[in-house]
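When you line the sequence shown up against mature numbering (1 follows the signal peptide of the UniProt record, and there is no 0), it's residues -18 to -1, 1 to 118, in that order.
Ideal placement from N, C-alpha and C gives every residue a C-beta, glycine not left out.
Notes follow the structure.
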Amino acid sequence: MKLIFATATALALTAGLAACGKPASKQAAAPAPEAASAMAASTTPDPAAPTGDMGKMAMPAAAKMAKGQGTVTAVDTTANTITLDHGPIAEAGWPAMTMGFKASPALVAQVKAGDKVAFDLKLEGGAGEITAIQKQ
């Protein structure tokens, strides 16, 4: 039984090392006690491997911010949207157009149709969300 276990361990170590692109060592074919020490050595943490600290991982760039000016054409307090007829928004590469934007209930309550406004947008995924709005 020990011979079967030792052989299986040696084969597993050899296959593992081959899969990693490392040449198999003579230790991998050794009897069980040496195979166990080789296995322990192969599980030693790689100093270059990530430590699990998510704060050190590269994260995608933050949402892009943009500013614009326009006229409020509609306000939807149920959907929390403000529709603006706005000028070009260079940061987004958008020409002048009329479109609806999500906004917080507090911002939606500040404006009504016909108001001329300056606004700040958070651009994400091809859409914008109003983060600030000021009547002009």
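- Task: Please name the residue, chosen from Trp76, Leu89 and Val54, that lies closest to Ala109 on a Cα-to-Cα basis.
- Result: Here the question's residue 109 lines up with position 127 in the sequence shown. Checked all of Trp76, Leu89 and Val54; the closest Cα to Ala109 is Trp76.
- Message: I'd like to know whether the C-beta atoms of Thr80 and Leu89 end up nearer to each other than 8 Å.
- Response: By one-based count along the sequence shown, residue 80 stands at place 98. By one-based count along the sequence shown, residue 89 stands at place 107. No; because the gap between Cβ atoms is not below 8 Å, this pair is not in contact.
- Across which residues does DSSP place Val52 in a beta bridge pair? Translated into positions along the sequence shown, residue 52 becomes position 70. In the sequence under discussion, the amino acid at residue 52 is Gly, which differs from the Val named in the question. Per DSSP, His68 and Val99.
- Compare the beta carbon distance of Thr63 and Gly50 with 8 Å and say whether it is the shorter of the two. Numbered from its first residue, the sequence shown carries residue 63 at position 81. Numbered from its first residue, the sequence shown carries residue 50 at position 68. Their beta carbons are not under 8 Å apart, which means Thr63 does not touch Gly50 by this criterion.
- Task: Could you pull the start and end residues of the beta strand (DSSP E) that Ala109 belongs to?
- Result: By one-based count along the sequence shown, residue 109 stands at place 127. Its beta strand (DSSP E) spans residues Ala109 to Lys117.
- What is the DSSP secondary structure of residue 123, reduced to helix, strand or coil? Residue numbering for the chain in the displayed model covers -18 to 118; residue 123 lies beyond these limits and cannot be assessed.
- Measuring CA to CA, which of Asp102, Gly69 and Pro70 is closest to Ala85? By 1-based counting over the sequence shown, the position of residue 85 is 103. The option with the nearest alpha carbon to Ala85 is Asp102.
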